[in-house]
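One structure is given here, and the rest of the page talks about it.
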């Protein structure tokens, strides 16, 4: 967590962390039932920190271009999905996030890569 804390504006940290925590809870509530038995293998703090680290630096400091709530929501959702998929892959589970973002190329930050894992 020290790496995350040192990169972030101290005023923005609680806000960004709270947004990520809310999204983590939301996504874990909607994870397919076949994965729920594996939730005990997920380290929630690591999931939250990994999602925060995946956010663009300008987001983590709540830069100007992230004042749009829809852009913020989308970026947090994508970061949490990537972090969750990574942890599930480490558990040898292959999870494809259900979110499909229309016009994701138009989101005003770095592009969102493919998140499909195969055996």
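In the working numbering, the protein residues as written are 4 to 122.
The beta-carbon is built from N, C-alpha and C at its ideal position, and this holds for glycine as well.
- The beta carbons of residue 27 and residue 51 sit about 6 Å from each other, so the pair counts as a contact at 8 Å.
- In the structure shown, residue 42 adopts helical secondary structure according to DSSP, grouped into three states.
- For residue 42 and residue 71, the gap between their C-alpha atoms comes out near 32 Å.
- For residue 45, the CB contacts under 7 Å within the same chain, skipping 5 residues up- and downstream, are 90 in chain order.
- Taking a contact as a CB-CB distance under 8 Å, the pair residue 83 and residue 23 counts as one, their CB atoms being some 6 Å apart.
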